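Report on the following structure.
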Amino acid sequence: MRPMQVLRLVVHARSRQPVLVLGEIDGKRCLPIFLRPQQAEVIAVGPRLGGDPAAAETALVQDVLVPLVGALGARLTGAEITDLVEGVYSADLVLRDEAAAEVRVKVRPSDALAVAVREGLAIGVADAILDEVGQDTSEVFPDGTDAPPAEQLREFREFLDDVTPDDFRR
């Protein structure tokens, strides 16, 4: 598994779908992952504010997961994109139980990434996936990946303001 970081949240020009671009932490490749709009919104909001009392009023569905997992005697440790079959990714949320045994739960990649970003969890991608579809980051972002987060969020909100359900019909 290759450790990854979030580089950008963008909108694919032709399909108008949100895309999360992950980049290798210790490498030069990146990987685009198309998201469902709801998960893209969660990612755009960013990490959950732990002890902020106002955060309880704005809690997202993903925020219920950590206390629920904790109540069951486990803790979330990461999200992994594990496979790519016919253009469709598979993903796991990775947990540790009370005995420190690893437990994996199959989930949609967009859900795994939304939880990982919201909770600040490690994100990993299988080496085979990067070998197959990873792209050189400097070719995808010739001007660099350092667009200010406020600019990224503004661009994504503009997309959300104009999008309709018909934009996602096939």
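Residue numbers (UniProt numbering): 1 to 170.
Glycine residues also receive a C-beta, built at the ideal position from the N, C-alpha and C atoms.
Quick caveat, the model's predicted, so the values are computed rather than measured.
Find out if the Cβ-Cβ distance for the pair residue i, residue j is shorter than 8 Å.
| i | j | result |
| --- | --- | --- |
| Ala100 | Ala79 | no |
| Ser110 | Arg36 | yes |
| residue 171 | Arg118 | What the structure shows of the chain is the stretch from 1 to 170, and residue 171 is not part of that stretch, so it cannot be assessed. |
| Leu65 | Val115 | yes |
| Leu22 | Leu9 | no |
| Leu121 | Thr77 | yes |
| Pro47 | Gly124 | no |
| Gly73 | Glu102 | no |
| Asp127 | Lys28 | no |
| Val88 | Gln62 | no |
How would you call residue i, buried or exposed, if buried means at least 16 neighbouring beta carbons within 10 angstroms?
| i | result |
| --- | --- |
| Gln5 | exposed |
| Arg104 | exposed |
| Asp92 | buried |
| Gly70 | exposed |
| Gly40 | The sequence given here places Ala at residue 40; Gly does not occur at that position. Buried: at least 16 other Cβ atoms inside 10 Å. |
| Leu20 | buried |
| Leu130 | buried |
| Pro18 | buried |
| Ile25 | exposed |
| Val94 | buried |
| Ala44 | buried |
Got a sec: does the ligand ADP put a non-hydrogen atom nearer than 7 Å to the Cβ of residue i?
| i | result |
| --- | --- |
| Arg48 | Although the ligand ADP was asked about, the structure shown includes no ligands whatsoever. |
- Query: Residue ranges of each alpha helix (DSSP H) run of no fewer than 4 residues wholly in the UniProt domain "BFN" (1-137), ordered along the chain?
  - Reply: Listed in chain order, they are 37-45, 53-57, 65-71, 109-119, 127-133.
On the three-pair Cβ rule with 8 Å, is the stretch 125-140 touching the stretch 27-43? The way I'd put it, the stretch 125-140 does touch the stretch 27-43; three or more beta-carbon pairs between them come closer than 8 Å.
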